[in-house]
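Peer 1: To start, I am sharing the structure in question, which I have written as structure tokens.
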Amino acid sequence: GQFITLKLEINGKPIKRSYSISSTPSRPHSLEITVKRVLAPQDAADVPPGLVSNWLHDNIKVGSQVKVSEPMGDFTCGLIPPKKLLFISAGSGITPMMSMSRWLLDTGSDSDMVFIHSTRTANDVIFRQELELMASRHPNFKLAVNLTGQQAKQNRLANNVRLNKSMLQAIAPDFAERTVYVCGSEAFMQGVQNMLKELNFPMQNYHEESFGVSKKPQKLPDSPIVPVAPSSTSTAEVLVFTKSGQEVTYDSLDTILETAEKKGIKLPHMCKMGACHRCKLPLLEGKVHYDEDPGCDNGYVLTCIAQPVGRVAIEA
């Protein structure tokens with residue numbers, strides 16, 4: 016369930032991107048990621064289509080060398096997995112689930128696993144043959160695939176409707192006794208989370224990992240300085256966290272995340288390299304500096320690599 020960060024040079028510019036590991040440590044000497052070619056969004060034609068994903072498809076060949084980080088992230092079932100697991104994924108969010116499933120089955124775990132995957136059509140099911148084989152060979156591995164596209168054809172694996180309460184209860188009647196791992200788009204994960212809360216699921220047993228980007232990305236800023244019209248004329252080196260109501264001073268060499276950690280303020284983060292974008296938060300006031308343009312949407316800031324300049328306010 017962990018991820019690695021690729022360090023590439025594309026069109027003369029250094030680029031970092033994180034991808035979930037789909038292989039398992041039970042099969043040593045190789046490390047796999049699963050990368051889907053990405054088209055430009057229909058409602059944002061001026062946004063480059065999948066810059067890194069498409070570059071990998073077009074340029075990486077046998078023998079190519081790529082710099083990668085060490086595996087990172089806490090989205091994992093651990094060395095001593097729960098007795099009952101429920102994996103719920105959508106689209107490319109299947110990759111960390113495959114890594115965990117492969118690990119559990121390869122190591123002979125007696126954990127009872129239910130794997131629910133949502134995708135548009137049968138042709139879009141990544142690892143379909145392997146999943147079917149895993150389900151047929153292992154009685155403790157149950158697979159359910161939901162085809163959500165309007166043109167979805169009947170398939171012996173599929174329910175052909177979006178995941179809902181009745182479907183979840185039919186597939187995994189004991190879902191409340193399971194530890195749940197969810198990965199997919201933000202909208203998908205929010206929907207699953209809301210559904211589980213309505214079913215009184217014990218949310219301390221809920222884990223999620225975001226995958227992909229917003230459906231409506233904005234044009235990238237032309238400069239590593241991201242200005243926002245200030246609401247105050249103060250130029251003091253002050254960092255404001257609007258949700259918690261805290262206003263703190265900072266060391267000019269520290270990132271926003273480093274300042275928050277020193278002050279005991281919890282912010283979402285993972286890689287601390289500006290690659291996974293888990294630390295992205297709305298920038299409400301002021302400007303920040305990046306050593307390299309991270310490709311962050313306008314109006315947002317990557318707190319793990321952004322150094323505040325003057326008075327800065329973020330929504331946290």
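Reminder that position 108 of the sequence shown reads as 123 in our numbering, one-by-one numbering, no gaps.
All C-beta atoms, glycine included, are put in the ideal place defined by N, C-alpha and C.
1. For my contact list, Leu148 and Phe130 are in at a C-beta cut-off of 8 Å; report their separation, rounded to the angstrom.
2. For Ser124, which residues in the same chain have their Cβ closer than 7 Å to its Cβ, ignoring the five residues on either side in sequence?
3. Helix, strand or coil for Thr274, going by three-state DSSP, please let me know.
4. What are the uninterrupted segments assigned as beta strand (DSSP E) that are 3 or more residues long and contained completely in the region 121 to 192, given in chain order?
5. When the Cα of Glu252 is compared with those of Asp269, Pro111, Asp73, which residue comes out closest?
6. Give a yes or no on whether the C-beta atoms belonging to Gly88 and Met288 are separated by under 7 Å.
7. Could you tell me which of Ser151, Met182, Ser133 sits nearest to Thr163, measuring between CA atoms?
8. Tell me, to the nearest whole angstrom, how far the beta carbon of Tyr196 is from that of Met112; I am working on the premise that it is less than 8 Å.
9. Checking 7 Å against the spacing of the C-beta atoms, do Arg117 and Thr49 come in under that value?
10. How would you write the range of the alpha helix (DSSP H) that His284 sits in, first residue to last?
11. Can you tell me whether Gly106 is helix, strand or coil according to DSSP?
12. Would you kindly report the start and end of the unbroken alpha helix (DSSP H) that includes His72?
13. Rounded to the nearest angstrom, how far is the Cβ of Leu317 from that of Pro309, given a contact under 8 Å?
14. Rounded to whole angstroms, what's the CA-CA distance from Asn138 to Leu214? Just pull it up for me.
15. DSSP on Arg117, reduced to helix/strand/coil?
16. Does the contact criterion of 3 or more C-beta pairs under 8 Å hold for the region 178 to 197 versus the region 217 to 224?
17. Buried or exposed for Met204, please, with buried defined as at least 16 other CB atoms from any protein chain shown within 10 angstroms of its CB.
18. Do Ala331 and Leu272 have their C-beta atoms within less than 7 Å of each other?
19. Between Cys92 and Thr20, what straight-line distance do the alpha-carbon atoms span, to the nearest angstrom?
20. Considering Glu201, what are the terminal residues of the alpha helix (DSSP H) in which it resides?
21. Kindly indicate the opening and closing residues of the beta strand (DSSP E) around Gly325.
22. May I ask you to report which of helix, strand or coil DSSP gives Pro111?
23. On a Cα-Cα basis, can you pick out the residue from Val53, Pro86, Gly78 that is closest to Trp70?
Peer 2: According to the structure data:
1. Your pair Leu148 and Phe130 does not check out as a contact, with CB atoms roughly 13 Å apart and the cut at 8 Å.
2. Cβ within range, chain order: Pro96.
3. Helix, per DSSP.
4. Within the region 121 to 192, the complete beta strand (DSSP E) runs of at least 3 residues are 127 to 134, 156 to 162.
5. Closest by C-alpha distance to Glu252, out of Asp269, Pro111, Asp73, is Asp269.
6. Cβ distance not < 7 Å, so Gly88 and Met288 don't count as in contact.
7. Selected option, being the one with the closest Cα: Ser133.
8. Indeed, because the Cβ distance is near 7 Å, the residues count as touching under 8 Å.
9. Going by C-beta atoms, Arg117 is not nearer than 7 Å to Thr49.
10. Here His284 belongs to no alpha helix (DSSP H), and DSSP marks it neither H nor E.
11. Three-state DSSP puts Gly106 in a helix.
12. His72 -> alpha helix (DSSP H) spans 66 to 74.
13. The C-beta separation of Leu317 from Pro309 comes to about 5 Å, placing the pair in contact by the 8 Å criterion.
14. If you take the alpha carbons of Asn138 and Leu214, they lie about 32 Å apart.
15. Secondary structure at Arg117: helix, using DSSP grouped into helix, strand and coil.
16. Flag = yes, the region 178 to 197 and the region 217 to 224 touch.
17. Looking at its Cβ environment, which holds 16 or more other Cβ atoms inside 10 Å, Met204 is buried.
18. The answer is no: Cβ separation not under 7 Å.
19. If you take the alpha carbons of Cys92 and Thr20, they lie about 21 Å apart.
20. In this chain, the alpha helix (DSSP H) harbouring Glu201 covers 201 to 213.
21. Per DSSP, Gly325 is one residue of the beta strand (DSSP E) stretching across 322 to 329.
22. Reduced to three states, the DSSP call for Pro111 is helix.
23. Of Val53, Pro86, Gly78, the residue nearest in Cα terms is Val53.
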